[in-house]
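Colleague: End of the first sequence sits at 276 in the UniProt record's numbering; the numbers just go up one at a time, nothing left out.
All residues carry an ideal CB built from backbone N, CA and C; glycine is no exception.
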Amino acid sequence: MPELPEVETVRRGLTALVQGAQVNKIQVPYPKAIVSDLQEFKTALVGAVIEKIDRRGKYLLFRFSNQKTLVSHLRMEGQYSVEPEGDTPHKHTEVIFTLADQRDLMYNDTRRFGRMQLVETGTEYQQVSGLSKIGPEPTEADLDVTYLSSILAKSHRKIKPFLLDQANLAGLGNIYTDEVLWQSQIHPETLTDQLNESEVERLRDNIIAEIKRATDHHGTTVHSFSNVFGEVGQFQNELDVYGRVGEPCRRCGETLVKIKVAQRGTTYCPVCQVKK
DNA sequence: CGTAATGTTGCTGA
DNA sequence: GTCAGCAACATTAC
């Protein structure tokens with residue numbers, strides 16, 4: 001479930017808890033979670049200090065003192081937690097970083113889809129496939145309206161899969177895409193080259209505002225998301241369409257419907273969001 | 001039991 | 001080259 005606001009919430013929690021901590025020992029009960037060489041992963045990180053935790057799109061970037069960067073993607077249900085050293089791992093604990101201050105940083109993943117990759121700091125944009133062609137962050141500073149307008153015009157896809165494609169812009173997943181399209185009054189199957197100038201501007205502004213608002217609410221918890229403190233998000237109370245199929249549209253009162261677009265469940269208002 | 005679920009990658013064929 | 005569709009990854013919940 002983690003989209004950009006959830007990953008950013010995790011990043012902030014990790015920063016508060018483990019920035020500056022040194023790794024003493026690493027256990028990997030689920031080796032498939034490590035995409036890069038497992039031995040190298042362990043030997044390089046033991047003794048290293050977590051200097052900083054960055055984020056790009058839905059990727060977490062742990063910056064270590066020895067010029068190594070641990071790239072971590074939570075995919076569907078990856079979670080970090082910090083426990084006293086030696087606490088029993090959870091059923092789905094995949095990686096345990098024992099810290100020099102007698103705590104364990106655990107990575108848990110019920111779906112086992114999340115992946116980690118260790119790279120030389122600075123090479124992550126070449127080394128990590130998802131980062132090599134990632135689009136701009138959905139922020140006022142980075143998501144330029146001219147850029148967005150130009151790639152929309154060049155594409156012949158439906159707007160929903162276009163927005164989910166991290167190469168176009170980073171950070172949106174199924175939930176916020178449905179929300180932003182409802183706010184912008186755009187049908188999810190609208191072809192991107194059919195959007196007019198004012199629709200593009202509206203879409204951009206809504207994307208930026210929605211991601212910021214969801215981050216301010218510490219993300220959305222619909223199935224399992226919680227931050228490193230085990231706390232759920234607050235934004236699920238603010239959702240207008242996602243998870244509200246059969247309920248009335250908050251704008252016009254019409255019953256919201258759910259369809260499949262590019263194999264993804266998609267909820268929208270058939271009155272407010274009309275196909276061209 | 002069948003189906004769907006939040007993400008990403010890679011393949012196939014049009 | 002572009003795009004849609006599908007499978008795969010592995011598990012849980014309804």
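Let me confirm a value: His187 is counted as buried when at least 16 other C-beta atoms fall within 10 Å, else exposed. Which label applies?
Modeller: When all chains shown are included, His187 counts as buried.
Colleague: Beta carbon of Leu60, beta carbon of Arg11: below 8 Å?
Modeller: Yes, these two residues count as a Cβ contact at 8 Å.
Colleague: Determine, using beta-carbon pairs with one atom in the region 86 to 94 and one in the region 106 to 122, whether at least three such pairs fall under 8 Å.
Modeller: Taking 8 Å as the limit for Cβ pairs, the verdict is that the region 106 to 122 does touch the region 86 to 94.
Colleague: Using 10 angstroms around the beta-carbon of Asn44, count the other beta-carbons present and answer buried if the total reaches 16, otherwise exposed.
Modeller: Before going on, a small fix: residue 44 reads as Ala here, not Asn. Ala44 is buried by the Cβ-count criterion.
Colleague: By DSSP, does Ser149 sit in helix, in strand, or in coil?
Modeller: Correct three-state label for Ser149: helix.
Colleague: Are Leu181 and Leu152 closer than 8 Å when you measure CB to CB?
Modeller: No, the Cβ-Cβ distance between Leu181 and Leu152 is not below 8 Å.
Colleague: Cα-Cα, which of Glu199, Ala209, Asn174, Phe64 is closest to Val274?
Modeller: With distances taken between Cα atoms, Val274 lies closest to Glu199.
Colleague: What is the DSSP secondary structure of Asn24, reduced to helix, strand or coil?
Modeller: Correct three-state label for Asn24: strand.
Colleague: Could you tell me whether the region 165 to 180 touches the region 224 to 232, using the rule of 3 or more Cβ pairs below 8 Å?
Modeller: Counting Cβ pairs under 8 Å, fewer than three are found: no touch.
Colleague: Any heavy atom of the ligand FAD closer than 7 Å to the CB of Leu4?
Modeller: The model on display carries no ligand, and the ligand FAD is accordingly not part of it.
Colleague: Below 6 Å CB to CB, which residues in the same chain sit around Thr110 once its five sequence neighbours on both sides are set aside?
Modeller: Result list for Thr110: Glu77, His92, in chain order.
Colleague: Just verifying my parser: in three-state terms, what is the DSSP assignment at Tyr176?
Modeller: In this structure, Tyr176 counts as helix in the three-state DSSP scheme.
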